[in-house]
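Start counting the sequence shown at 2; every next residue gets the next number (the numbering used here). Reviewing the structure listed below.
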Amino acid sequence: MEKREELYAGKAKSVYKTDNPDRFILEFRDDTSAFDGEKKEQLSRKGMVNNKFNAFVMEKLEAAGVPTHFEGLLSSTESIVKKLDMIPVECVVRNISAGSLCRRIGVEEGLELTPSTYELFLKNDALHDPMVNESLAVSFGWASAAELERMKQLTYQVNDVLKALFDDAGMLLVDYKLEFGRSGGEIVLGDEFSPDGCRIWDKETRKKMDKDRFRQGLGDVIETYEEVGRRLGIQFD
Ligand code: ADP
Ligand code: UDP
Numbered sequence: 002m003e004k005r006e007e008l009y010a011g012k013a014k015s016v017y018k019t020d021n022p023d024r025f026i027l028e029f030r031d032d033t034s035a036f037d038g039e040k041k042e043q044l045s046r047k048g049m050v051n052n053k054f055n056a057f058v059m060e061k062l063e064a065a066g067v068p069t070h071f072e073g074l075l076s077s078t079e080s081i082v083k084k085l086d087m088i089p090v091e092c093v094v095r096n097i098s099a100g101s102l103c104r105r106i107g108v109e110e111g112l113e114l115t116p117s118t119y120e121l122f123l124k125n126d127a128l129h130d131p132m133v134n135e136s137l138a139v140s141f142g143w144a145s146a147a148e149l150e151r152m153k154q155l156t157y158q159v160n161d162v163l164k165a166l167f168d169d170a171g172m173l174l175v176d177y178k179l180e181f182g183r184s185g186g187e188i189v190l191g192d193e194f195s196p197d198g199c200r201i202w203d204k205e206t207r208k209k210m211d212k213d214r215f216r217q218g219l220g221d222v223i224e225t226y227e228e229v230g231r232r233l234g235i236q237f238d
């Protein structure tokens, strides 16, 4: 596969065209950002760790019947993915209260949410990813009602697969964000699943093992991502 021009450089990843018009290369960089880009740092090894973490999770999801964009690893920091027409809406499932939910509703962190909750946010850094809903998404033409229904169903299916995967490895999947896109008339899971876009706690101690370590300055960010990966059986370099 031939790497062609860079199409887009996001906060943590870059997207490249390839000689195949239906395939992109996703490069996972060491750049780490939080609070919509206000806090930024380079964390050595993060690109490699998240690329391999994402590959492992996407393969598990694909095997469970979730259509994903993941085609294969190209290098330690790059993956080949299907080109998607991305939907600018982030889908969040929460199993335990944390983050913006606590700030918005004024509840404490760590409450079990039964059933799990589902929220939509508009991808817009300048507006700090405001919370939206299905009605707004349809009215503004971000996605059709049928597409939004499929995104919700797939986001919950991902929860069933990954909650069990983390639980078996002694961890709690607190919440996570997914992004979807269109390919050949189908809704396909895109972007990434890594500790940058979810919250994972140790089941016994409730130690934070995700990007909150960076957001809250808790230290050992990448060492902890690697520990999560090792517990799941992922091999890093
Ligand atoms: P951000 O854009 O939020 O700064 P990233 O640094 O992660 O985020 O950039 C990666 C970008 O690539 C995101 O905007 C994401 O929506 C987009 N993307 C992810 N997967 C695909 C795909 N398969 N096809 C097209 N774009 C994708
Ligand atoms: N999330 C993300 N990207 C975003 C916003 C949220 O990956 O732009 C993830 C975040 O890591 C967490 C979940 O989505 O796992 C819910 O995030 P929340 O709404 O609590 O916002 P936060 O306080 O993390 O900004």
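Heads up, the beta-carbon is just placed ideally off N, CA and C, and yes, glycines get one too. Computed from a predicted model, the values in this text were never measured in an experiment.
Take Q43, set aside five residues on each side of it, and the residues of its chain with a beta-carbon closer than 8 angstroms to its own are D31, D32 and T33, in chain order. Taking the C-beta atoms as reference points, N96 is found nearer than 9 angstroms to L173.
Secondary structure of A13 (DSSP, three-state): coil. Between D203 and G171, the alpha-carbon positions lie close to 6 angstroms from each other.
Across the set L128, D130, S145 and H129, the C-alpha of S145 shows the shortest separation from the C-alpha of S136. With a cutoff of 8 angstroms, A10 does not count as near the ligand UDP, since its C-beta is closer than that to no heavy atom of the ligand.
When distances are taken from the beta-carbon of G198 to the heavy atoms of the ligand UDP, the shortest one is below 8 angstroms.
The alpha-carbon of V94 is positioned some 15 angstroms away from that of D197. With a 10 Å radius around the Cβ and a threshold of 16 neighbouring Cβ atoms, G73 comes out exposed. Here the alpha carbon of F54 sits roughly 24 angstroms from the alpha carbon of E120.
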